[in-house]
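Reviewing the structure listed below.
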Amino acid sequence: MSTKNTLPKHVAIIMDGNGRWAKLRGKERYEGHIQGVESVRRVVRAAADAGVEYLTLYAFSTENWGRPAEEVEALMTLFCSCVINETPELIEQGVKVSIIGSRARFSEEVNARLNEIEQRTAEGKVLNLILALDYSSRSEITEALRHIATKVAAGEVKAEEITESLVSDNLYTAHIPDPDLVIRTSGECRLSNFLLWQASYAEFYFPQTLWPDFTEEEFAKALEVYASRERRYGMV
Ligand code: IPE
Ligand code: IPE
Ligand code: MG
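Position 117 of the sequence shown, counted from 1, bears residue number 116 in numbering that gives the first Met the number 0, the numbering being contiguous throughout.
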């Protein structure tokens, strides 16, 4: 049995190419990140208009802590200003924001802002916007295993009760369906530690466009490409 696609329920995007966008214009890398916020705005609107139910945006990987301190600092400042500037419009659009990733390394201020955006948008019913921040898929799976192992050791779960759905339920994405479509901009064709478990049967789309240049039209094109694919799930 195979499934003809219509609209993906969950689209996940690796927003890549901000630094190259800036460099091409003789600007500093952080200016590419600032410009990238415009694309986030466009894509959130386009996803909501199209009827996509879940949109996950990879905004900061655990590996990104290894970038120069000034770039990391600029990104943290940008996350905070985005919460302040974007929350009213997100509420108005019916967007519910949730964060996946580790919260341990963010400053108190960043964590307070992230809590603020989750709380203030909690009633949103139109689109679930999931932001992956300090996200590492391997850490997520490792943490889930640790959690399950603790329960086994305590006698709360038997080894034979460890199923795929139990693993899924112990990931950050426990209440989120698996992504149907993963988009990575900028022409790079890799996952960079993003949703390794969840994207097992996702369709992939790798446009050349750098993230700050990604438009509503390109998002619509990605949905079209998805609709033309045939998902076979190992069958014929
Ligand atoms: C993606 O753009 C944004 C983050 C990783 C935060 P990059 O900053 O990776 O841009 P390139 O890949 O260097 O062009
Ligand atoms: C992946 O992009 C992380 C985000 C888009 C947030 P990177 O630019 O950090 O990934 P690599 O280094 O090219 O694999
Ligand atoms: Mg990059």
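Ideal Cβ placement from N, Cα and C applies to all residues, glycine included.
Tell me which same chain residues have a C-beta within less than 6 Å of the C-beta of residue i, skipping the five on either side of it?
{"i": "LEU195", "result": "SER136"}
{"i": "SER185", "result": "ASP15, GLY16 and LEU209"}
{"i": "VAL42", "result": "PHE218"}
{"i": "GLN207", "result": "GLY186"}
In the DSSP assignment, find the alpha helix (DSSP H) that holds residue i and state where it starts and stops.
{"i": "GLU107", "result": "107-119"}
{"i": "HIS32", "result": "28-49"}
{"i": "PHE218", "result": "215-227"}
{"i": "PHE193", "result": "Careful: PHE193 lies outside any alpha helix (DSSP H) and carries neither H nor E."}
{"i": "ARG19", "result": "17-23"}
Using 10 angstroms around the beta-carbon of residue i, count the other beta-carbons present and answer buried if the total reaches 16, otherwise exposed.
{"i": "CYS188", "result": "exposed"}
{"i": "ALA45", "result": "buried"}
{"i": "PRO7", "result": "buried"}
{"i": "GLU229", "result": "exposed"}
{"i": "VAL151", "result": "exposed"}
{"i": "MET0", "result": "Legend: pLDDT at MET0 = 49, less than 50; position of this residue unreliable, value from coordinates given subsequently. Under this definition MET0 is an exposed residue."}
{"i": "GLU223", "result": "exposed"}
{"i": "GLY233", "result": "exposed"}
{"i": "ILE83", "result": "exposed"}
{"i": "SER106", "result": "exposed"}
{"i": "VAL181", "result": "buried"}
{"i": "ALA11", "result": "buried"}
{"i": "GLY35", "result": "buried"}
{"i": "LEU23", "result": "exposed"}
Could you round the C-beta distance between residue i and residue j to whole angstroms and report it? I think they count as a contact, below 8 Å.
{"i": "LEU273", "j": "ALA47", "result": "Residue 273 is absent from the structure shown; the chain starts at 0 and stops at 235."}
{"i": "GLY93", "j": "GLY50", "result": "Going by Cβ atoms, the distance from GLY93 to GLY50 rounds to 12 Å, so no, they are not a contact pair."}
{"i": "ALA143", "j": "VAL166", "result": "6 Å"}
{"i": "ILE99", "j": "TYR171", "result": "4 Å"}
{"i": "ARG19", "j": "LEU209", "result": "6 Å"}
{"i": "SER38", "j": "PRO178", "result": "With 8 Å as the limit, SER38 and PRO178 do not qualify as a contact, their Cβ atoms being about 18 Å apart."}
{"i": "PHE213", "j": "ARG183", "result": "Going by Cβ atoms, the distance from PHE213 to ARG183 rounds to 11 Å, so no, they are not a contact pair."}
{"i": "PHE59", "j": "ASP168", "result": "Contact flag wrong, Cβ pair sits at about 25 Å."}
{"i": "THR86", "j": "ILE129", "result": "Actually they do not touch by this definition, with Cβ atoms about 16 Å apart."}
{"i": "ILE140", "j": "ILE161", "result": "The pair is not a contact, with the Cβ atoms about 13 Å apart (cut-off 8 Å)."}
If you follow the beta strand (DSSP E) that residue i is in, where does it begin and where does it stop?
{"i": "TYR134", "result": "126-134"}
{"i": "LEU165", "result": "LEU165 -> not in any beta strand (DSSP E); alpha helix (DSSP H) instead, spanning 163-168."}
Which residues does DSSP list as the beta-bridge partners of residue i?
{"i": "GLU202", "result": "LEU180"}
{"i": "VAL96", "result": "LEU128"}
{"i": "HIS9", "result": "TYR53"}
{"i": "PHE59", "result": "LEU132"}
In chain order, what residues of the same chain have a beta carbon less than 7 Å from the beta carbon of residue i, not counting five sequence neighbours either side?
{"i": "ALA121", "result": "LYS95"}
{"i": "CYS79", "result": "GLU108, VAL109 and ARG112"}
{"i": "GLY154", "result": "none"}
{"i": "ASN4", "result": "TYR225, ALA226, ARG228 and ARG230"}
{"i": "GLU70", "result": "ARG28 and TYR29"}
Could you pull out every residue in the same chain whose Cβ sits closer than 8 Å to the Cβ of residue i, ignoring the five residues on either side in sequence?
{"i": "GLU62", "result": "SER135, SER191 and ASN192"}
For ligand 4, I want to know if residue i counts as a neighbour, meaning its beta carbon is within less than 7 Å of at least one of the ligand's heavy atoms.
{"i": "TRP64", "result": "Ligands in the displayed structure: ligand 1, ligand 2 and ligand 3; ligand 4 is not one of them."}
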